[in-house]
């Protein structure tokens, strides 16, 4: 008689931190292995490609700086997204909020720039945060009022924001002096963020915000309320938390951070406003925030690694002539493995031999 | 009159890719899985369908290949979310990134290629006997290409499947309460896998319509956000395949209206017209959520991974 062996997954009571980390590292190794197969398909040597990627991200002082420049928007956007996700508010409107923040900052940089540099920069920062916050507030209002699905609304608003910037770029804000491709004029010197230690000052903002968000989430009443709402709306209601108000505050904050990213990118990286301003950061940051388990310090590390992946990815594009899309496939592969690995962090397996007497019960 | 016929006719053509994708997502969400990878699966279907069409000049093989490509994307999502119970939203978003990378990569040497003559002939408008001669209605509905007719048929068949068969009832019960369905002896995992894959296959078809019939050529990012509109249309159609028909054609109309307005000599910026489908989607979502009723709500367990041990 054959006794079938069944495998059952059961939830772990308390996943060990060490073990969880090991599983995640294991997933990354598997992801690299899968990516290697893909690279072999391209008739390239995977080890060569990985070495060049590391070189592209960290090879020279200039490249390290570039990686840091790419890290800054990811960190700040991820922090904002992390706050919203903590509440189970599945907001994917980062792109639109970044674009609107950049738009508001650009208005002052281009048309109201008759101010001393520190004042102008401060005005730009405030304007961008307000614009991003308000843009995020629209779907949050619908959500809080009628429970409207925020995922789709925020996404639609991304498209609207980008069309708006496009309208400006090809229409009223088009620089008459630019011949050929329509573009908006570059910012004057006093609208450009200064540099500190060779990298624009955005990195200081990012570090300060990591600490501030960490304190806000873990050590303030509002932060705690946000976490409670995310765990259970009913618990929050019984505890007397003003749910609507908390949602709106958290989302304002989230949009404000994304808006700030728009200002930083326009002022310190692009020196102007364009449709390319967001560079997909709004979407990438969803992934980094999720991988970092919504924890502020981890967001810093994950964003840096992800920026290195992007920077290294664009370097191998030029070295090996691999198209941009190959980098997207690699990104997707790595994410699939990391997403899948969460299962092994949360569950463990039980092997059981099915006894003939009880076989009927479990079989389907 | 003639202008109205031509506009409505074109709206149906523009709405057909949306219809397939919406139907795919309806069937997926009915099984309790919110798959935000529609855009990615459409792109995979668009490029694979096109390539097979180019190589074989066979419409049937091209459509089959597009379905397999879409289902292949859905399989990744299904394995992650059903077997490994990963977060559905992040898994779907990742599928979109992967799918668009995959499509651009696989199709990079064929960008700008026009669909083969034989296929274009196969997919040219064809007036149905008798039906096509009905004034107005017939001219709009029944002088379309085969793919559009396939869309009508798929929507009606899915409606019957969902509401009139016992298998469809089982599926709906899984979307509402997988625990109860499981207790009643329904194989929840099998149902979820099958319908998520079927949904992916339909999304693949939607993509193939774009590259083989609508454009008809291979472009980078040929879907241009239609996958996301389809996700919104599911809510608009209240998870009902019949209503998806109207939703998809309405949005097809919005997609082409700007072009027509400018042809009339009315001066509106292209960029504002481009915003229309998105603005209307938001308005629709808000209105639907304002007058919420039990029937209009989605499957209750949609978005939540099912795990027997936690029942």
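Chains as they are written, first to last, in this note's numbering: chain A, 337 to 700; chain B, 4 to 314.
The C-beta atom is built at its ideal place from N, Cα and C for all residues, glycine as well.
Please read these numbers as outputs of a predicted model, since none were measured by experiment.
Should residue 571/A be flagged as near chain B, meaning a C-beta pair shorter than 8 Å?
Position 235 of the first chain holds residue 571/A. Judged by the 8 Å Cβ criterion, residue 571/A is not in contact with chain B.
When the cut-off is 8 Å and only beta carbons count, does residue 667/A lie next to chain B?
Counted from its first residue, the first chain places residue 667/A at position 331. With 8 Å as the cut-off, residue 667/A counts as an interface residue toward chain B.
Please list the terminal residues of the continuous alpha helix (DSSP H) segment that includes residue 28/B.
On the second chain, position 25 is the one that residue 28/B refers to. Its alpha helix (DSSP H) spans residues 5-33.
Listed by chain order, chain C residues near residue 278/B by CB distance under 8 Å
Reference to chain C is not applicable here, since the protein chains of this structure are A and B.
Does the distance from the CB of residue 669/A to the CB of residue 393/A come in under 8 Å?
Stepping through the first chain from its first residue, residue 669/A is reached at position 333. Stepping through the first chain from its first residue, residue 393/A is reached at position 57. Not in contact: residue 669/A and residue 393/A (Cβ atoms no closer than 8 Å).
Let me see if you follow: with CB-CB separation under 8 Å, is residue 618/A close to chain B or not?
In the first chain, the residue the question calls residue 618/A occupies position 282. Closer than 8 Å: no.
Shortest alpha-carbon distance to residue 605/A belongs to which of 538/A, 387/A, 647/A and 428/A?
For the purposes of this step, residue 605/A is identified with residue 269 of the first chain, where counting begins at 1. Nearest of 538/A, 387/A, 647/A and 428/A to residue 605/A, Cα basis: 538/A.
Does the pairing of the stretch 216-226 of chain B with the stretch 60-71 of chain B give three or more beta-carbon distances under 8 Å?
no
For residue 549/A, which three-state DSSP category applies?
Residue mapping note: residue 549/A aligns to position 213 of the first chain, counting from 1. Note: residue 549/A maps to helix in three-state DSSP.
In the DSSP assignment, find the unbroken alpha helix (DSSP H) run with residue 594/A in it and report its ends.
Sequence index remark: in the first chain, residue 594/A carries index 258 (1-based). It spans 579-600 - the alpha helix (DSSP H) in which residue 594/A sits, taken as one unbroken run.
Run the CB neighbour count on residue 423/A, radius 10 Å, all protein chains shown included, and call it buried at 16 or more, exposed below.
Walking along the first chain from the start, residue 423/A turns up at place 87. Buried is the call here.
Close Cβ partners of residue 206/B (< 6 Å) along its chain, the five nearest in sequence each way excluded:
Here residue 206/B refers to the residue found at position 203 of the second chain. The answer, listed in chain order, is 24, 27, 41, 44, 45 and 73.
CA-CA distance, residue 235/B and residue 571/A?
Your numbering for residue 235/B matches position 232 in the second chain. Your numbering for residue 571/A matches position 235 in the first chain. In a straight line, the C-alpha of residue 235/B is about 30 Å away from that of residue 571/A.
Would you mind giving the Cβ-Cβ distance between residue 586/A and residue 361/A, rounded to the nearest angstrom? I have them listed as a contact below 8 Å.
Numbered from 1 along the first chain, position 250 holds the residue referred to as residue 586/A. Numbered from 1 along the first chain, position 25 holds the residue referred to as residue 361/A. With a Cβ gap of about 32 Å, residue 586/A and residue 361/A do not count as contacting.
Scan the stretch 390-405 of chain A for residues whose Cβ lies nearer than 7 Å to a Cβ of chain B and list them as they occur along the chain.
none
I believe residue 214/B touches residue 49/B by the beta-carbon criterion, under 8 Å. Please report the beta-carbon distance rounded to the nearest angstrom.
As a working mapping, residue 214/B is identified with position 211 in the second chain. As a working mapping, residue 49/B is identified with position 46 in the second chain. Between residue 49/B and residue 214/B the Cβ distance is about 4 Å, and since that is below 8 Å, they are a contact.
Would you call residue 651/A buried or exposed, if buried means 16 or more other Cβ atoms sit within 10 Å of its Cβ?
Position 315 of the first chain, counted from the start, is the residue given in the question as residue 651/A. Answer is buried; the Cβ neighbour count reaches 16.
Using a Cβ cut-off of 8 Å (strictly closer), state whether residue 489/A contacts chain B.
Here the question's residue 489/A lines up with position 153 in the first chain. Yes, residue 489/A counts as interfacial toward chain B.
Roughly how many whole angstroms lie between the Cα atoms of residue 89/B and residue 83/B?
The residue given as residue 89/B occupies position 86 in the second chain. The residue given as residue 83/B occupies position 80 in the second chain. So the two alpha carbons sit approximately 5 Å from each other.
May I ask which residues mark the beginning and end of the alpha helix (DSSP H) holding residue 500/A?
The residue given as residue 500/A occupies position 164 in the first chain. Residues 486-506.
Are the stretch 469-476 of chain A and the stretch 577-594 of chain A touching, with three or more C-beta to C-beta distances below 8 Å?
yes
Secondary structure at residue 533/A, three-state DSSP: helix, strand or coil?
Start at 1 with the first residue of the first chain, and residue 533/A comes out as number 197. In the structure shown, residue 533/A sits in coil (DSSP, three-state: anything other than H, G, I, E or B).
Could you tell me the distance, in whole angstroms, from the CA atom of residue 467/A to the CA atom of residue 498/A?
Along the first chain, one-based indexing puts residue 467/A at 131. Along the first chain, one-based indexing puts residue 498/A at 162. Roughly 14 Å between the two C-alpha positions.
Are three or more beta carbon pairs between the stretch 526-537 of chain A and the stretch 604-620 of chain A nearer than 8 Å?
yes
Could you check the C-alpha separation between residue 624/A and residue 92/B for me, to the nearest Å?
For the purposes of this step, residue 624/A is identified with residue 288 of the first chain, where counting begins at 1. For the purposes of this step, residue 92/B is identified with residue 89 of the second chain, where counting begins at 1. So the alpha carbons of these two residues sit roughly 14 Å apart.
Let me know if residue 517/A comes out buried or exposed under the rule of 16 or more other beta-carbons within 10 Å of its beta-carbon.
Within the first chain, residue 517/A is the residue found at index 181, counting from 1. Exposed, since its Cβ has fewer than 16 Cβ neighbours within 10 Å.
May I have the straight-line CA-CA distance separating residue 555/A from residue 546/A, to the nearest angstrom?
Position 219 of the first chain holds residue 555/A. Position 210 of the first chain holds residue 546/A. C-alpha separation (whole angstroms): 14 Å.
Does any C-beta atom of chain A lie closer than 8 Å to the C-beta of residue 27/B?
What you label residue 27/B is simply residue 24 of the second chain in a count that begins at 1. No, no contact with chain A.
Determine whether the Cβ of residue 22/B lies closer than 8 Å to any Cβ atom of chain A.
Stepping through the second chain from its first residue, residue 22/B is reached at position 19. Closer than 8 Å: no.
Count the other CB atoms within 10 Å of the CB of residue 354/A; is the residue buried (16 or more) or exposed (fewer)?
Here residue 354/A is taken as the residue at index 18 of the first chain, counted from 1. Under this definition residue 354/A is an exposed residue.
How should residue 121/B be labelled, buried or exposed, when 16 other C-beta atoms within 10 angstroms of its C-beta is the threshold for buried?
If you number the second chain from 1, residue 121/B lands on position 118. With fewer than 16 Cβ atoms within 10 Å of its Cβ, residue 121/B is classed as exposed.
So residue 471/A is in the alpha helix (DSSP H); what residue range does that whole segment cover?
On the first chain, position 135 is the one that residue 471/A refers to. That run of the alpha helix (DSSP H) goes 453-482.
When the Cα atoms are used, what is the spatial distance from residue 30/B to residue 201/B?
Reading the second chain from its first residue, position 27 is the one you call residue 30/B. Reading the second chain from its first residue, position 198 is the one you call residue 201/B. C-alpha separation (whole angstroms): 8 Å.
Would you check if the stretch 99-113 of chain B and the stretch 658-675 of chain A touch, i.e. whether three or more CB-CB distances between them fall below 8 Å?
yes
Local conformation of residue 217/B per DSSP, three classes
What you label residue 217/B is simply residue 214 of the second chain in a count that begins at 1. Residue 217/B: helix per DSSP, three-state reduction.
Interface partners of residue 539/A on chain B, CB under 7 Å
If you number the first chain from 1, residue 539/A lands on position 203. Correct list: empty, because the minimum Cβ distance to chain B is about 26 Å.
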